[in-house]
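Residue numbers for the sequence shown follow my numbering, so the first one is 464 and each next one is one higher. Idealized CB from N, CA, C, for every residue including glycine.
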Amino acid sequence: MSKLTDFYSQLAMSVGMRFDSENNVIYGQKEGFDLVVYAADSQVPYALTIHTAARTPGGGALMSEDFKNLSKSVSTLSVGGQSGNNITVPLMNIINQRKLRDALPERLKEAMNGLISFLKEKGCTPCCSVCGRAEEVAAYVSGTSYLHLCPDCETKMRGSAALAEQEKAKKKENMIGGIVGAILGSLVGVLSIVLLSQLGYVAALSGAVMAVGVLKGYELLGGRLTKKGIVISIVVMLAMTYLGDRLDWAIRMMRDGGFGDLGYNVFECYRSVSRALKVGIIEKNVYIGNLALLYMFLLLGAVPTIINRVKEKKTEGRLAKIGSASGYGSYVS
């Protein structure tokens with residue numbers, strides 16, 4: 464058991480809940496409300512969010528002003544919101560993660576009690592996330608979302624997921640279309656490289672933009688994003704980053720190097736970059752250093768994007784019950 468898993472397990476017990484180590488989720492039931500507590504960003508494991516499903520007497524959503532007032536009255540809660548029957552409220556963060564970790568048992572207890580008191584004051588009642596009926600529910604993770612489902616809605620969602628998986632399996636990968644889509648998507652990344660450079664920056668943001676554009680483009684026109692598609696996308700990222708850097712130098716030559724005054728346009732300057740390197744108009748060390756920096760930032764931006772996309776692909780259509788106990792209804796302390 465890792466230190467973080469052990470911490471979550473101890474935290475769950477301290478607030479009368481259970482911990483699902485497979486999904487890294489604290490779950491349980493308090494005063495009739497089914498609750499799920501999770502870290503919205505795995506990189507900030509002690510910044511937790513509380514999720515529940517409830518409906519107002521009239522069936523409408525709570526106002527944003529209500530959540531603002533909640534955060535003012537409960538110091539441990541940040542401003543939350545409601546989507547359908549799903550209510551999500553983050554704990555107020557403390558920048559010092561060690562202090563936050565040490566204070567979490569009391570902070571989480573106060574936050575849950577404050578949220579439940581708030582819901583009761585508003586006349587809200589526990590319900591199913593999907594149908595809104597006041598029935599016994601269990602907590603589920605669907606892709607990257609959390610839900611509290613009654614038996615009927617769980618059955619329907621599993622059926623829909625199975626159908627979607629069948630349709631997905633029928634869909635063939637169009638590699639040519641994917642390559643075209645990746646190249647088109649990479650143009651956004653090229654634009655970000657050029658714009659940021661012209662503003663005097665070489666930023667990791669351009670790497671993330673390039674990665675997102677290429678992967679989305681490949682999937683959109685290729686139909687599917689497979690391992691082969693990811694490899695092709697990486698090759699496109701590398702090639703288009705090189706092209707973006709050259710285009711940036713071409714613009715610099717035309718604007719600052721006097722080539723524009725000689726009547727050169729940007730395309731002619733682009734073709735002249737290699738010659739400019741040979742004759743020393745562009746210093747090789749500066750050119751190589753700038754390109755290396757761009758590739759480093761591409762790595763920093765692309766690797767997390769690709770890893771997250773692979774994770775998303777694995778969880779697409781997944782509906783997993785939180786906790787290993789059979790039957791409906793979470794553990795009540």
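Boundaries of the alpha helix (DSSP H) in which residue i is found, first to last residue
i, result
"residue 468", "466-477"
"residue 740", "736-742"
Cβ pair residue i, residue j closer than 7 Å
i, j, result
"residue 521", "residue 530", "no"
"residue 534", "residue 540", "yes"
"residue 798", "residue 710", "Absent from the model: residue 798. The displayed extent of the chain is 464 to 796, so no value can be given."
"residue 687", "residue 636", "yes"
"residue 563", "residue 509", "yes"
"residue 549", "residue 605", "no"
"residue 822", "residue 785", "Beyond the ends of the chain as shown, which are 464 and 796, falls residue 822; an answer cannot be given."
"residue 670", "residue 765", "yes"
"residue 621", "residue 782", "yes"
"residue 477", "residue 568", "yes"
"residue 481", "residue 495", "no"
"residue 489", "residue 502", "no"
"residue 643", "residue 683", "no"
"residue 732", "residue 702", "no"
"residue 611", "residue 624", "no"
"residue 717", "residue 705", "no"
"residue 557", "residue 493", "no"
"residue 821", "residue 551", "Summary: the structure shown does not reach residue 821, with the chain confined to residues 464 through 796, and so no result is reported for it."
"residue 609", "residue 499", "yes"
"residue 707", "residue 773", "no"
"residue 497", "residue 600", "yes"
For residue i, three-class secondary structure by DSSP
i, result
"residue 491", "strand"
"residue 593", "coil"
"residue 662", "coil"
"residue 635", "coil"
"residue 583", "helix"
"residue 481", "strand"
"residue 776", "helix"
"residue 796", "Any reading at residue 796 is ruled out, since the residue's pLDDT is 30, under 50, leaving its predicted position unreliable."
"residue 788", "Note that residue 788 has pLDDT 43, beneath the 50 cutoff, so the model's placement of it is unreliable and the number below is only indicative. DSSP places residue 788 in coil when its eight states are reduced to three."
Boundaries of the beta strand (DSSP E) in which residue i is found, first to last residue
i, result
"residue 603", "601-605"
"residue 609", "608-612"
"residue 725", "No beta strand (DSSP E) contains residue 725, which DSSP labels as neither H nor E."
"residue 781", "Taken as a continuous stretch (DSSP letters only), residue 781 belongs to no beta strand (DSSP E), as it is neither H nor E."
The ligand FAD heavy atom lying under 6 Å from the CB of residue i
i, result
"residue 774", "Because no ligand of any kind appears in the structure shown, any question about the ligand FAD cannot be addressed here."
Write down every uninterrupted run of the beta strand (DSSP E) in the segment 500-566 whose length is 3 residues or greater and which is fully enclosed by it, in chain order. 511-518, 544-546 and 549-553
Contained alpha helix (DSSP H) runs [length at least 4] in the segment 676-722, N- to C-terminal order: 690-718
Determine contact between the segment 637-653 and the segment 675-686, defined as no fewer than three beta-carbon pairs at a distance below 8 Å. yes
Would you call the segment 741-758 and the segment 560-579 in contact, with 3 or more CB pairs under 8 Å? no
Say whether the segment 511-525 touches the segment 583-601, bearing in mind that this needs 3 or more beta-carbon pairs closer than 8 Å, one atom from each stretch. yes
Spell out a yes or no on whether the segment 683-700 and the segment 742-754 are touching, meaning 3 or more CB-CB pairs, one atom from each, closer than 8 Å. no
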